[in-house]
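Below is one structure, written out as structure tokens, with a few remarks after it.
Numbering (this note's numbering), first residue to last: 11 to 360.
Shown next, in the form of structure tokens:
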């Protein structure tokens, strides 16, 4: 249905869609929006506005910025609903701007920083290389794959980890609300990071035993979240490499945003290791964005470009997950949507 508005006579008439050249110009200047959000996040503007409106001059003094330049950035964001200009050169938070605060549930501050750091943009500058060759832009730019690069550059790894934790804080409550874990006895979170998702599941399911599995360097830092959730007595921490093996004996294995990092060949290695490790009638659950068919807008279709350029993985359709599962000895049972961009993709061992 087309939008409508009232004309000067009070009659309602159809609003005309913007002409294609204008729409295309808006799309082509998307990088301006991304970098303006990055600047606001890096300077902590949303945190400074949590107690009410402040002038751009005050904000500039607080963050050590040029007042006129900061005003121009905030004015551009306010025109898009990120902040609002309350009086001349004074700004306040909007619901969109609230997501850039560092102290609110579901904060996207860390994600805004990760997506727009200069090293990340260097990869996107090389998208044409990936399209023409089918090879990783990240490796072409930095001379190695993304995850080894993170190991060698801990400051970058920290930015990445903060962003992933930020995304988990948004998706974990949605997953636990949408999926029924009551029939599971022992769940293994493969590559579960610091345990945010697993802790959320265990906290809401006191009958459950859990195993958090990840690389040694990650497991070393995994204690705080588990202890704060009050589930340390039911959560075993195990270090290892999922390309070699995963902890045995679980009746359910869950992975959040792991399989999308890898191509089919390497994904099958991980899935087959889970197949070997789980009990005979075990379940597998992938928490991933599922790409819808056709031209339907989807965050997953944009995230798929990220996968193409950085780790070399891919976002998949439901049918593609079904084929992947079958090749690893599983059968796709259902896709459970959540109140977030991700779904729980459930499969059983066959």
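Backbone N, C-alpha and C fix where the C-beta goes; we use that ideal spot for every residue, glycine too.
Taking residue 160 as the centre and dropping the five residues before and after it, the same chain places the C-beta of 166, 167, 170 closer than 7 Å to its C-beta, in chain order. Following the DSSP letters along the chain, one finds residue 305 in no beta strand (DSSP E), marked with neither H nor E. Counted as a single uninterrupted DSSP element, the beta strand (DSSP E) harbouring residue 101 occupies residues 100 to 102. Of all alpha-carbon atoms in 85, 55, 83, the one lying nearest the alpha-carbon of residue 72 is that of 55. Taking one beta carbon from each stretch, the region 297 to 312 and the region 272 to 285 have fewer than 3 pairs nearer than 8 Å; the two do not touch. With a cut-off of 8 Å on Cβ pairs, the region 104 to 116 is not in contact with the region 149 to 159, counting fewer than three such pairs. As the crow flies, the alpha-carbon of residue 146 is around 47 Å from that of residue 97. Taking 8 Å as the upper bound for CB-CB distance, residue 121 and residue 157 are not in contact here, some 19 Å apart.
In terms of Cα proximity to residue 130, the closest of 196, 205, 48 is 48.
For residue 350, the three-state secondary structure derived from DSSP is coil.
The DSSP-derived three-state label of residue 39 is coil. Ranked by Cα distance from residue 233, the options 123, 226, 242 are led by 242.
DSSP places residue 223 in the strand class (E or B) of the three-state scheme.
101 is the residue among 101, 87, 29, 344 whose C-alpha sits nearest the C-alpha of residue 59. Rounded to the nearest angstrom, the gap between the Cα atoms of residue 27 and residue 89 is 19 Å. For residue 276, the three-state secondary structure derived from DSSP is helix. Between the region 245 to 256 and the region 280 to 291, the count of C-beta pairs closer than 8 Å reaches three or more; the two stretches touch. With respect to residue 185, residue 203 sits apart: the two C-beta atoms are not nearer than 8 Å.
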